[in-house]
Amino acid sequence: MKIRLLAVGTKMPGWVEEGVETYRKRLPRDFTLEIEEIPLGQRGKNADIVKARAQEAQRIRDKLRGDEYIVALEVKGKTWSTEQLASEADAWRMLGKDIVLLVGGPDGLEPSLSAMADKAWSLSPLTLPHPLVRIMLAEQLYRAWTLLVGHPYHR
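Letter by letter, the sequence shown follows residues 1 to 155 in the UniProt record's numbering.
Next up, the structure:
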């Protein structure tokens, strides 16, 4: 199973890339994580936020392949424990599809993207900085995988 994270925002600091890579390289070939950065919509002093989110949404749609299971990461999504995430990941493997996780920009996902998602997942009711989301997501996916295979990492 391939998991793709389509995340709005580019040029992450080196510590973010290092943190994500720490967990990505631990995952096996049949449970991979790829990250594709999506450029922010045009923002500025008098920017139209609706237009910026629409630009981001179109860029995300352009990356979708049409045969993937879509999970939108949103504050209003359902929170999962690590054990619940492992159960979700196990169910994803049984689907026989690749998984795509969507992370919006500073103003979140455009509602049409949220509506097309198969699931909505919230990492936390807190507003998290996007760089940390990437690291937390990579670590939690690794932790879920370790639970599925009985690896002692989760203890």
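Quick reminder that beta carbons are idealized off the backbone N, C-alpha and C, glycines included.
Residue i burial status per 10 Å Cβ neighbour count (16 or more: buried)
i: I49; result: exposed
i: R65; result: exposed
i: Y153; result: exposed
i: R61; result: exposed
i: W15; result: exposed
i: L126; result: exposed
i: A115; result: exposed
i: L95; result: exposed
i: E83; result: exposed
i: G19; result: buried
i: E36; result: exposed
i: E110; result: buried
Test item: CB-CB of residue i and residue j under 8 Å
i: A120; j: A72; result: yes
i: V103; j: V133; result: yes
i: D30; j: E68; result: no
i: L85; j: Q140; result: yes
i: L6; j: V100; result: yes
i: M12; j: W92; result: no
i: G9; j: G105; result: yes
i: A138; j: Y23; result: yes
i: L128; j: D90; result: no
i: K78; j: S124; result: no
Collapsed DSSP secondary structure at residue i in the structure displayed
i: L33; result: strand
i: L85; result: helix
i: R143; result: helix
i: L5; result: strand
i: K119; result: strand
Nearest-angstrom beta carbon gap, residue j and residue i [assumed within contact, 8 Å]
i: A57; j: S112; result: 6 Å
i: R4; j: E34; result: 5 Å
Q | Any beta strand (DSSP E) of 3 or more consecutive residues that is wholly inside the stretch 55-116 | A | Taking 3 residues as the minimum length, the beta strand (DSSP E) runs contained wholly in the stretch 55-116 are 69-79 and 99-103, in order along the chain.
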